[in-house]
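*Asks:* Heads up, the working numbering is the position in the sequence shown plus 4, with the first residue counted as 1. Ideal placement from N, C-alpha and C gives every residue a C-beta, glycine not left out. Keep in mind the model is a prediction, meaning the values are calculated, not measured. Next up is a structure, given as structure tokens.
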Amino acid sequence: MGSSPRIGVVGATGAVGTITLELLRERGYRDVRLFASARSAGKQVGGTTVEEATPEVLSAGDLDLCLFSVGTSASLELVPHAVQGGAVCVDKSAAYRLEPGIPLVVPEVNGIRAAEHQGIVANPNCCAIPLTCALKPLHDAVGLERIRVATYQSVSGAGAQAMERLRAQTPEENDLRMDWSFDGVEFDEEEKLREETRKILELPALPVSATCVRVPILVGHAEAVWIETKEPLSAEQATSILGGAPGLRLEQFPTPGGAAGGDDVLVGRIRKDSTIENGLALFIVGDNLRKGAALNAIQIAELLLAQQRVAA
């Protein structure tokens with residue numbers, strides 16, 4: 005990759021792809037090509053024509069870096085072709101996150117792992133990213149014993165069409181949803197949150213219990229978190245640790261509205277959980293389209309570019 009990497013954004017017309025393009029422009033990347041399904045090919049986005057994402061185009065060898073914001077099946081089909089063409093791929097779907105040997109990266113938490121890629125780096129789930137940003141500094145300080153989390157996830161996590169449906173609804177139609185695949189015990193979103201948190205933190209046996217719901221909010225995922233630590237930690241000490249951690253911003257009462265459009269994970273309501281000996285409770289919120297998806301992927305890409313420059 006040269007000083008001006010040739011970047012492909014695959015899924016450029018979706019909710020996350022749109023933010024990805026905005027962030028790339030803000031950061032000064034100019035050599036950016038846009039790809040989407042045949043249905044969206046030919047559209048103009050910001051003066052650039054969207055190309056159809058085909059195996060032939062992606063494997064042509066004229067891309068250094070590909071940011072994928074498409075579904076799991078499309079990623080499984082297309083990512084290997086982009087890698088074959090010489091591009092390093094940062095994939096946002098669940099396709100590769102739990103694959104052995106493929107790094108699952110949150111730059112503030114385990115950025116060093118990005119260098120271990122074989123052409124693919126996985127971008128974690130939109131709730132696992134903010135959760136691990138908050139858990140890692142506490143784990144480094146006192147160790148984690150057990151995590152319980154309840155999520156309140158916005159409809160943008162289900163895509164641009166879900167956002168349009170919410171905009172068209174009346175307040176009377178608004179309701180909580182649980183719109184993930186269900187195996188009879190838990191949603192796949194809950195399993196992802198548990199397994200990805202374990203992989204990112206490199207704590208494969210960490211007990212993690214999650215309950216996920218979708219709330220009628222356009223942007224911003226909130227998480228109520230109950231933490232049991234190995235060593236005692238007061239709420240004041242936890243506040244001090246989290247206040248100095250990268251990617252986090254202390255906010256007394258974090259809300260999705262306060263997080264939307266921002267890059268930080270908001271952390272607040274930090275208090276003792278008196279139901280267990282070394283218990284803490286806190287509330288975290290992040291913009292799921294930015295830090296929960298597009299921004300994290302771009303931060304991974306910038307890590308890779310920096311490592312490549314050092315290697316050169």
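Evaluate the contact criterion for the region 266 to 284 versus the region 159 to 179: three or more CB pairs, one atom per stretch, below 8 Å.
*Replies:* Too few Cβ pairs lie closer than 8 Å, so no.
*Asks:* Start and end of the alpha helix (DSSP H) containing I23?
*Replies:* A19 to E30 is the span of the alpha helix (DSSP H), which, as asked, contains I23.
*Asks:* Specify the secondary structure class of C70 as computed by DSSP and reduced to three states.
*Replies:* It is a strand residue.
*Asks:* According to DSSP, is A310 part of a helix, a strand, or is it coil?
*Replies:* DSSP places A310 in helix when its eight states are reduced to three.
*Asks:* For D192, report the span of its beta strand (DSSP E) as first-last.
*Replies:* Element bounds for D192: not the beta strand (DSSP E) but the alpha helix (DSSP H), D192 to L205.
*Asks:* Have a look at A154 and D66 and give me their C-alpha separation to the nearest angstrom.
*Replies:* Taking the straight line from one Cα to the other gives about 43 Å.
*Asks:* To the nearest angstrom, report how far apart C216 and F191 are at their CA atoms.
*Replies:* Cα-Cα distance, rounded: 8 Å.
*Asks:* What is the DSSP secondary structure of H225, counted as helix, strand or coil?
*Replies:* Strand at H225.
*Asks:* Run through the DSSP bridge pairs and tell me what R43 is partnered with.
*Replies:* For R43, which the question treats as bridged, DSSP gives no partner whatsoever.
*Asks:* In the DSSP assignment, find the beta strand (DSSP E) that holds A132 and state where it starts and stops.
*Replies:* No beta strand (DSSP E) holds A132; the alpha helix (DSSP H) holding it covers A132 to V146.
*Asks:* Which partner residues of E255 appear in the DSSP bridge assignment?
*Replies:* None, per the DSSP bridge assignment.
*Asks:* Measuring alpha carbon to alpha carbon, tell me which of A242, I204 and T259 ends up nearest G115.
*Replies:* Among A242, I204 and T259, the Cα nearest to that of G115 belongs to I204.
*Asks:* Can you tell me where the beta strand (DSSP E) holding T215 begins and where it ends?
*Replies:* Here the beta strand (DSSP E) through T215 covers V212 to R218.
*Asks:* Tell me whether the beta-carbon of V223 lies closer than 8 Å to the beta-carbon of P260.
*Replies:* Yes. Within cutoff.
*Asks:* Go ahead and label L307 buried or exposed: buried means 16 or more other beta carbons lie within 10 angstroms of its beta carbon, across all protein chains shown.
*Replies:* That one is buried.
*Asks:* Could you give the first and the last residue of the continuous alpha helix (DSSP H) run that contains A239?
*Replies:* It spans A239 to G247 - the alpha helix (DSSP H) in which A239 sits, taken as one unbroken run.
*Asks:* Could you pull out every residue in the same chain whose Cβ sits closer than 6 Å to the Cβ of S317, ignoring the five residues on either side in sequence?
*Replies:* In this structure the chain extends from 5 to 316, so residue 317 is not present and cannot be described.
*Asks:* Indicate whether A285 and D277 have their beta-carbon atoms separated by less than 8 Å.
*Replies:* Yes.
*Asks:* Considering only residues of the same chain and omitting the five flanking positions on each side of Q241, which have a CB-CB separation below 8 Å?
*Replies:* Cβ within range, chain order: A145.
*Asks:* Is the beta carbon of A19 sitting closer than 8 Å to the one on S238?
*Replies:* Result no, Cβ atoms of A19 and S238 do not sit closer than 8 Å.
*Asks:* Could you tell me whether the Cβ atoms of S73 and G12 are closer together than 8 Å?
*Replies:* Taking 8 Å as the Cβ cut-off, S73 and G12 do not qualify as a contacting pair.
*Asks:* Excluding the 5 residues flanking G6 on each side, which residues of the same chain have their C-beta closer than 7 Å to its C-beta?
*Replies:* Low confidence applies to G6: its pLDDT is 49, below 50, so where it sits in the model is not reliable enough to give any reading.
*Asks:* Please state whether DSSP places I280 in a helix, a strand or coil.
*Replies:* It is coil, neither helix nor strand.
*Asks:* Who are the near neighbours of A126 in its chain, counting only those whose CB is closer than 6 Å to its CB and skipping five residues on each side?
*Replies:* Cβ neighbours of A126 beyond the five flanking positions: D95, Y100, R101, I106 and L108.
*Asks:* So, is A310 buried or exposed, given that buried needs 16 or more other C-beta atoms within 10 angstroms?
*Replies:* Burial call: exposed.
*Asks:* L38 to E55, Cα distance in whole Å?
*Replies:* Approximately 6 Å, taken between the alpha carbons.
*Asks:* Should S44 be labelled buried (16 or more other beta-carbon atoms within 10 Å of its own) or exposed?
*Replies:* S44 comes out buried.
*Asks:* Count the other CB atoms within 10 Å of the CB of V189; is the residue buried (16 or more) or exposed (fewer)?
*Replies:* Label assigned to V189: exposed.
*Asks:* Can you name the residues that DSSP bridges to E232?
*Replies:* BP columns for E232 point to R150 and G283.
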